[in-house]
Each structure stands twice: as structure tokens, then as C-alpha cells.
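There are 2 protein chains.
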Amino acid sequence: MQKPAQTIYMDHAATTAVDPRVVDAVLPYFSYKYGNASSIYGLGREAAKAIDEARRTVADILGCEPGEVIFTSCGSESDNLALRGVGWARRNLGKGNHIITSSIEHHAVSHTCEQLEKHFGFEITYVPVDKHGLLDPDDVGRAIKDNTILISIMYANNAVGTIEPIAEIGKIAKEKGIPFHTDAVQAGGTLNLDVDELNVDLLSLSAHKVYGPKGIGVLYVRKGVSLLPTQTGGAHERNRRAGTENVPSIVGLATALKIAHEELETNNQRIAALRDRLIKGVLENIDEVELTGHPTNRLPNSASFVFKYIEGESMLLNLDLAGICASSGSACTSASMEPSHVLLAMGIPPEVAHGSLRLTLGRENTEEDVDYVLEILPGIVQKLRAMSPLYKAAAS
Amino acid sequence: MQKPAQTIYMDHAATTAVDPRVVDAVLPYFSYKYGNASSIYGLGREAAKAIDEARRTVADILGCEPGEVIFTSCGSESDNLALRGVGWARRNLGKGNHIITSSIEHHAVSHTCEQLEKHFGFEITYVPVDKHGLLDPDDVGRAIKDNTILISIMYANNAVGTIEPIAEIGKIAKEKGIPFHTDAVQAGGTLNLDVDELNVDLLSLSAHKVYGPKGIGVLYVRKGVSLLPTQTGGAHERNRRAGTENVPSIVGLATALKIAHEELETNNQRIAALRDRLIKGVLENIDEVELTGHPTNRLPNSASFVFKYIEGESMLLNLDLAGICASSGSACTSASMEPSHVLLAMGIPPEVAHGSLRLTLGRENTEEDVDYVLEILPGIVQKLRAMSPLYKAAAS
Numbered sequence: 170m171q172k173p174a175q176t177i178y179m180d181h182a183a184t185t186a187v188d189p190r191v192v193d194a195v196l197p198y199f200s201y202k203y204g205n206a207s208s209i210y211g212l213g214r215e216a217a218k219a220i221d222e223a224r225r226t227v228a229d230i231l232g233c234e235p236g237e238v239i240f241t242s243c244g245s246e247s248d249n250l251a252l253r254g255v256g257w258a259r260r261n262l263g264k265g266n267h268i269i270t271s272s273i274e275h276h277a278v279s280h281t282c283e284q285l286e287k288h289f290g291f292e293i294t295y296v297p298v299d300k301h302g303l304l305d306p307d308d309v310g311r312a313i314k315d316n317t318i319l320i321s322i323m324y325a326n327n328a329v330g331t332i333e334p335i336a337e338i339g340k341i342a343k344e345k346g347i348p349f350h351t352d353a354v355q356a357g358g359t360l361n362l363d364v365d366e367l368n369v370d371l372l373s374l375s376a377h378k379v380y381g382p383k384g385i386g387v388l389y390v391r392k393g394v395s396l397l398p399t400q401t402g403g404a405h406e407r408n409r410r411a412g413t414e415n416v417p418s419i420v421g422l423a424t425a426l427k428i429a430h431e432e433l434e435t436n437n438q439r440i441a442a443l444r445d446r447l448i449k450g451v452l453e454n455i456d457e458v459e460l461t462g463h464p465t466n467r468l469p470n471s472a473s474f475v476f477k478y479i480e481g482e483s484m485l486l487n488l489d490l491a492g493i494c495a496s497s498g499s500a501c502t503s504a505s506m507e508p509s510h511v512l513l514a515m516g517i518p519p520e521v522a523h524g525s526l527r528l529t530l531g532r533e534n535t536e537e538d539v540d541y542v543l544e545i546l547p548g549i550v551q552k553l554r555a556m557s558p559l560y561k562a563a564a565s
Numbered sequence: 170m171q172k173p174a175q176t177i178y179m180d181h182a183a184t185t186a187v188d189p190r191v192v193d194a195v196l197p198y199f200s201y202k203y204g205n206a207s208s209i210y211g212l213g214r215e216a217a218k219a220i221d222e223a224r225r226t227v228a229d230i231l232g233c234e235p236g237e238v239i240f241t242s243c244g245s246e247s248d249n250l251a252l253r254g255v256g257w258a259r260r261n262l263g264k265g266n267h268i269i270t271s272s273i274e275h276h277a278v279s280h281t282c283e284q285l286e287k288h289f290g291f292e293i294t295y296v297p298v299d300k301h302g303l304l305d306p307d308d309v310g311r312a313i314k315d316n317t318i319l320i321s322i323m324y325a326n327n328a329v330g331t332i333e334p335i336a337e338i339g340k341i342a343k344e345k346g347i348p349f350h351t352d353a354v355q356a357g358g359t360l361n362l363d364v365d366e367l368n369v370d371l372l373s374l375s376a377h378k379v380y381g382p383k384g385i386g387v388l389y390v391r392k393g394v395s396l397l398p399t400q401t402g403g404a405h406e407r408n409r410r411a412g413t414e415n416v417p418s419i420v421g422l423a424t425a426l427k428i429a430h431e432e433l434e435t436n437n438q439r440i441a442a443l444r445d446r447l448i449k450g451v452l453e454n455i456d457e458v459e460l461t462g463h464p465t466n467r468l469p470n471s472a473s474f475v476f477k478y479i480e481g482e483s484m485l486l487n488l489d490l491a492g493i494c495a496s497s498g499s500a501c502t503s504a505s506m507e508p509s510h511v512l513l514a515m516g517i518p519p520e521v522a523h524g525s526l527r528l529t530l531g532r533e534n535t536e537e538d539v540d541y542v543l544e545i546l547p548g549i550v551q552k553l554r555a556m557s558p559l560y561k562a563a564a565s
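Protein sequence lines, in the order shown, are assigned to chains A and B. In terms of my numbering, the first sequence has 280 at position 111, counting the first letter as 1, and numbering is strictly consecutive. In terms of my numbering, the second sequence has 465 at position 296, counting the first letter as 1, and numbering is strictly consecutive.
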């Protein structure tokens, strides 16, 4: 099979192209609707109205009040604001300094917890996961102490796609009166985001994972949850996040999220079928490979594997030469040589974790794309293993 | 004179329309160059390369190393990162807890100082200004104590346009070995930004004040200055600001800044002439009005006044009806009924400060625009004063 003229993009968990309908919605706010939403003249009020509408759109998808939606600059900021904002606010109220999270969070959560522990005297408990990357809600319950002020568990894992039992964890948190945050960045375009059904008090979203622009995110904060702002200045976002409102991107985020949730079932069904074809093809045609993450309870677009005796990075470079965009885990860490902390937390040995590959499908992918990957990948694996001393040692 | 078909925009200090050349530069990164800059395949490397180029462009304008440029989500974030980042880093190093700033800073600085003082035990000194809004560098020098860890003084004031003696203040800070930050958000498109000539260690910029997109900013941090990141997660921006790189907006910021500085002298000259015509016209044709800010040492695009016996907000609404966009101070506070803290710090009585009007000119403004404002404004002032009990009392 010849290398396709176009790139086959299978890294939708890293980022997505902006939907042309989103670009159309954004453009007027660059050119003739450019007002500052805090200004009181017509041009400013028009911008403020666009933000109000975007906020309502997002609130409808989350099943919350518009006033509970804070626009931020990205999913990482949302996670930081949730942890630092609630952490400091509740600690200053004398509620304690203990935060519970998991061992497989995105670095926006885990590195923030590490900084809060190292530099600011917070106490962090990392709840473990099983071999599929799944948390046991009872483990979260058992980690709760008198000084616990916040629980933060991701909705779906970015590296392996496992969906966590958020609603059950949220129920336990609610019974104990502890605010519960979920990083829903990876789940934003494919799973139910109703905050009441999920029992969450705070929820992070990012637009660029759902065919919206980069540089814009959401933090949902349930009414009544104390939050000390981490970015202060003007009175924007009801004094919870200062900075001139990013009107074009806010409109873009709302448009992208609306499209994603209107088309959710159709897209999920089609993409999950592609994913299943991909997983089946890889497991059937290649030896010594394992699916990572939960076999069934996983994001509809996510296929992830570990290939023994191979470096993930070499695989990616060879796939790139064949026109296929893939990653070895999270994009944020693909430059790092460290094996994924998620795979290690699932009990996968470091030498195996090094051979990880994540293929995340999206709207524009077709059966032909999947078949092309299935035709290309075995040859790459074979070639790399032929060069691997470990493979030769194991084979002899 | 009839109301013009088009809006006359004279609030360029609040925000600006995105230059069409900037939009052209941004668009490919929405559609076909959408890669995550941390990904290792071609599409990702292309995005990383675009960021590298943008960083070099910004560094050239600042006269610094590319590695000293951090991309943030806006000017407010840059100010917050400077104050919180350097404040905590140096405090944790045992250097002290005292920050010096001025009484006329943007709220992104002043409110951050207030939070650091109220919730985190920092000590803040606010250096006063004279009646023109000008700081005396010696006052800054006198405020320095053994535990001073940071000085933050704005480059040019957003409400009244006064340009501060940054280079002299920086010289004093340097002699004492104290990092010096300047909020250059309002000066970014019109003044010299060479960080060595300005003697600054940290400098904040925002794109949307210079015909770039909203939601993107810069913090320059001189090599060797300790900074504890305030947004943690992935290793982006050399571990100083986590979050997927906002490639389109980064490219937009660099493009906008480049255009602004290539065309700086021509634009400044033309716009300053318009501003002088506007100031002269207002002072000659209306009674009981004063120019606020420094008479000569002010931003080339900034004209600001206080009109006695008038509410600024009523003036703005009447100007809006005549198709003129203006503000009473900073956009961030135009919804607030409080008189500007800047005007109060300059010794203007609250009842006079209420009658403030800021007209900030830009690239698209013409002599006809200025003449239209000069024709409309006296009638509005007369009408509002005719309704003002204070004016009647003073006149009788």
C-alpha cells in the first residue's frame, strides 16, 4: 500500500483541527465584533452578549447555571484553579490541608498536587488503580480523613482511555461534604457531562480536544463551593478569573462543544466501531502486544497498546514516515524519555511501558485509515524488533 | 453633522480589532497546521517550529534571548505570574516578603498584591504619584527594605497615559539586586521595549492591545530570576507555564507585535498629531475640563480628561448614541461605579474623578474622526451639565 497523500491523524487525544463551523463562528469576533466585553458601548455589549450566550450553551450541556461556568485559558488552568483555588480557600477557612487524587491523573493535576505538597504544606494522597487503570471508589472513601478538603479524580484517562466511576466517587464525597473535582478534558467531546448525574462540584474542560480552538477552557464550579481566585485583576468571570474575556475563543469553545454534544451518539457509534476494528486488527496480527486500559469501559475513540521489545518513540517516528500521526501516551510528555506514570501505576513494568502506542480516532477518520494503519504497523514492529537486542535475547 | 454610518472607535486602550494580516497568519493553525506542538510527528514539529519563530520575533523586539520569553494567556496572567511566581520563589529562598508597587497600577497588579497581603502574609508598599500620575524614582528607592523581594511599576498608565521613568527605577532596583517587573501591556505597541535599555527583569505584554488576538500574552523573565510556576502540569514553556501551547494565538501575537514595531514611528507620529488635535480641541471648546495624566510625557495615542459636574457613564452612553466608542478609565472597571483609583491617587477629588473620559486613538482613526468627536462632545457636556444639580449650584 502506498503512503497516502494526506496525513492520517490518529492523535485526537492530543489535539484536534478546529471544525470549519467553529472557525466561521470565531472570525467575526476578530474583525468587526472586536469589542472588549467589559466596555459599556454597543460594540462592548455585543461582545458581552456573545459571552452570555456561550455561557448558556455550556451550562445547558453541563446541566448547570450559567453563573457556575468560568471560562479559563485551557484545561490545565482549569485543573490548577480547581486545586489551588479550592485548596487555599478551604484551608484558609480552617477545613484542613489534605487533598485526595489518583495515581493516573494528568500532570496538570498531579504536578499541581506535588507543588502544593512540596512548597505549601498540603498533604496529598494518591489512590491507586488496578491493572486496567480503574479506581475503586471504596479506596477513595477509605482515603478520606478529617482534614480532607478536596477530592480530584479524572473522568477518563488521557493515556489509556479508561473511564473512571465518577458518579460513585462523587456520591461518597457528597456524603462527607467534601468538594469533588473531575478533570473531564479527555471526556469532554464523547461522554455525558451532566454535573448532577456525575455528582461533581468542579469539572475541567478544554476546547481544543473537541474541535475547538486552543487556549480556552472551562471550569465548572458548583454554587456555594469556596474558591480563592488564582489569577486576580479585573472583576471578570464574577471575580473568579481576571483577564479581558477571550471573546472569539469563548464563542469557539461553546460552538465546538455544542456540535460535539449534538452529534455525540452518531459520532461515538461510528468511531467506536473503527476503534474496535483497529484494536482487533492489532491484537490479531501482531505478537506480544497488549491492549492497555480497560477492555470495554474506555473512551470510544481510544486504542492504546504496549508492544514488547520496542521503544515507543521509534514506532512513532516510523509511523510518521508512513504519514500516520500517533503518540506514545500524553502529548505533554511525548518529548520525555520517562515511561508513562499511568502505565507504571497500572503495574506495567518500565521496560514494557517504554513500548507504548496510543491511537486516538476522530471525526475525519475512515475505515480506510484504520486498514492502512493495520497494514503498516506490523511491518514497523517487525523491523524494530529485528533491531532489538532484548527481542533477540527473548527469542533465542 | 450626521452620525457616521460606521462606529468611530476611540477606545484602543481597551482592545483593538485584529489586524487582517494577523488573521491571515493565524488561520492555517486552526485548519491544516493544527498539531500539538509537543507531539513528535511532522504536524507537531511544524507547530513547534512556528512557536520557535514567534518566540524569536518577540525576543528580537525585547532585545532578549528567546528562552527568556514565556507565552501566557493574557497580560493579567503575565502580571500574576510575575508577582506570585517571583514573590513565592524568592520568599521560599528566605529573601523576604516585601513587594514595592505603585498606587496607579492596573488591577492585575494591585489586586494581586492585595491578595498576597491579605491571604499569604506578604507586605506591600504602594509608592505614590504626583498630580500627573508620575512616580519619583527616589520614592521607590526609599521604599526598599532588607526584605524587599520584588518591585513592580507599570511602564505607562492605562487610564491616563502617563509614561513612568522605568529605566531609572530599574537602575535603582539593579543596584540593590532586587528583580524589577514592569506591566508594559499598555505600552506594548507604541514604546521601546528593549529590556536592557529599560533595566527590567520581568515585563508583561498582551496581544489584543496591539491589533493581535485576545487571550494571549507574554511574560519576559530575565535569565537567573527565580520563578515558581503558578500554572503547573506539562513541561511547556520550559516548565514555567503548563498548558498546550496556543499555537494560532502565539503566531498572532508575534505577527501583531512585529507589525506594530515595524510601523511604530510612522503610526506614533500620525496618531500623536491626532491626539494633540483632540486634546487642543477639547480644552479650547469646553469649559471646566482638565487634561488628566502628564501633559507631554504620555502615550502617543492617549487623551484623557475630567469634566466637572458630569458623570462619566452618562457621557459614554451619549457618545455611544452618536456612534463614538470611548471609556471613562480602564475597560475592566467601566462597569464599576467607583471613581478610578488612578485619578484618586493623582489627588483628583472623587466628585471630579466621576466625570472622567478616556479617548484612545488607533491606526484606523482619521482627522475626520477627531473633528466629529470635537463637534459632538461639547453638546453632550452642555446637555448633561444642564441636568446636573451640582452644575446649577456652582453656576448660581
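Ideal Cβ placement from N, Cα and C applies to all residues, glycine included. This structure is a prediction, so every number in the text was calculated from the model and none was measured.
Buried or exposed by the 16-neighbour rule on C-beta atoms within 10 Å, applied to residue i
i: alanine 186 of chain A; result: buried
i: aspartate 365 of chain A; result: exposed
i: aspartate 456 of chain B; result: exposed
i: methionine 170 of chain B; result: Confidence at methionine 170 of chain B is low in this model, with a pLDDT of 48, below 50, so the placement of that residue is unreliable and no value is reported for it.
i: aspartate 508 of chain B; result: What sits at residue 508 of chain B in the sequence shown is proline, not aspartate. So proline 508 of chain B ends up on the buried side.
i: glutamate 544 of chain B; result: exposed
i: arginine 410 of chain B; result: buried
i: alanine 317 of chain A; result: Correcting the residue type first, residue 317 of chain A is threonine in the shown sequence and not alanine. Classification of threonine 317 of chain A: buried, given that the 10 Å Cβ count is 16 or more.
i: proline 297 of chain A; result: exposed
i: glutamine 551 of chain A; result: exposed
i: threonine 413 of chain B; result: buried
i: tyrosine 324 of chain A; result: buried
i: valine 394 of chain B; result: buried
Chain A contact residues for residue i, given Cβ-Cβ distances below 8 Å
i: aspartate 248 of chain B; result: Gly402
i: tyrosine 203 of chain B; result: Thr184, Thr185, Ala186, Val187
i: aspartate 489 of chain B; result: Ile209, Tyr210, Gly211
Residues that DSSP places opposite residue i in a beta bridge
i: aspartate 370 of chain B; result: DSSP lists no partner for aspartate 370 of chain B.
i: tyrosine 178 of chain B; result: B:Cys494
i: serine 525 of chain B; result: B:Val475
i: arginine 467 of chain A; result: A:Thr331
Selection from the options that minimises the alpha carbon distance to residue i
i: leucine 262 of chain A; options: B:His288, B:His276, B:Lys300, B:Cys243; result: B:His288
i: glycine 339 of chain A; options: A:Thr331, A:Ile332, A:Gly330, A:Phe349; result: A:Phe349
i: histidine 523 of chain B; options: B:Val458, B:Asn327, B:Ala472, B:Glu533; result: B:Val458
i: glycine 381 of chain A; options: B:Val195, B:His181, B:Phe199, B:Gln175; result: B:Phe199
i: alanine 194 of chain A; options: A:Lys427, A:Ser471, A:Leu485; result: A:Lys427
i: arginine 311 of chain B; options: B:Leu513, B:Asn534, B:Leu231, B:Tyr295; result: B:Tyr295
i: valine 387 of chain B; options: B:Pro189, B:Thr176, B:Ala228, B:Lys552; result: B:Ala228
i: glutamine 400 of chain A; options: A:Thr241, A:Asp188, A:Ser208, A:Pro197; result: A:Thr241
i: serine 247 of chain B; options: B:Pro189, B:Arg527, B:Leu371, B:Leu528; result: B:Leu371
i: glutamate 333 of chain B; options: B:Gly290, B:Leu304, B:Ser321; result: B:Leu304
i: histidine 463 of chain A; options: A:Glu520, A:Asn454, A:Lys343, A:Val511; result: A:Val511
i: proline 163 of chain B; options: B:Tyr389, B:Thr184, B:Leu212; result: Here chain B covers residues 170 to 565 and nothing more, so residue 163 of chain B does not appear.
Per-residue contacts from residue i into chain B (C-beta, under 9 Å)
i: glutamine 355 of chain A; result: None at all; the shortest Cβ gap to chain B is about 12 Å.
i: asparagine 466 of chain A; result: Here the premise fails: no neighbours, minimum Cβ distance about 26 Å.
i: alanine 277 of chain A; result: Gln400, Thr401, Gly402, Gly403, Ala411, Gly412
i: phenylalanine 291 of chain A; result: Per Cβ cutoff of 9 Å: no residues; phenylalanine 291 of chain A is ~13 Å from chain B at best.
i: aspartate 180 of chain A; result: Gly204, Asn205, Ser208, Tyr210, Leu212, Gly213
i: threonine 281 of chain A; result: Gln400, Thr401, Gly402, Ala411
Chain-ordered neighbours of residue i on chain B, where CB pairs are closer than 7 Å
i: serine 509 of chain A; result: Per Cβ cutoff of 7 Å: no residues; serine 509 of chain A is ~13 Å from chain B at best.
i: threonine 399 of chain A; result: Thr399
Distance cut-off 6 Å: residue i Cβ against heavy atoms of the ligand ADP
i: threonine 424 of chain A; result: No copy of the ligand ADP appears in this structure; indeed no ligand is present at all.
Neighbouring residues, chain A, relative to residue i (Cβ below 7 Å)
i: threonine 176 of chain B; result: Leu212
Listed by chain order, chain A residues near residue i by CB distance under 9 Å
i: valine 192 of chain B; result: Leu196, Phe199, Ser200
message: By the 8 Å beta-carbon criterion, what residues does the stretch 412 to 441 of chain A contribute toward chain B?
response: Gly412, Thr413, Glu414, Asn415, Val416, Pro417, Ser418
- prompt: According to a CB-to-CB cut-off of less than 7 Å, which residues of the stretch 210 to 232 of chain A neighbour chain B?
  reply: Result list: Tyr210, Gly211, Leu212.
field: Short-range partners of chain A found in the stretch 520 to 550 of chain B, where Cβ spacing is below 9 Å
entry: none
- prompt: Using a Cβ cut-off of 8 Å, which residues of the stretch 374 to 395 of chain A contact any Cβ in chain B, in chain order?
  reply: Ser375, His377, Pro382, Lys383, Gly384, Ile385
query: the stretch 469 to 489 of chain A: which residues have C-beta closer than 9 Å to a C-beta of chain B, in chain order?
result: Glu482, Leu485, Leu486, Leu488, Asp489
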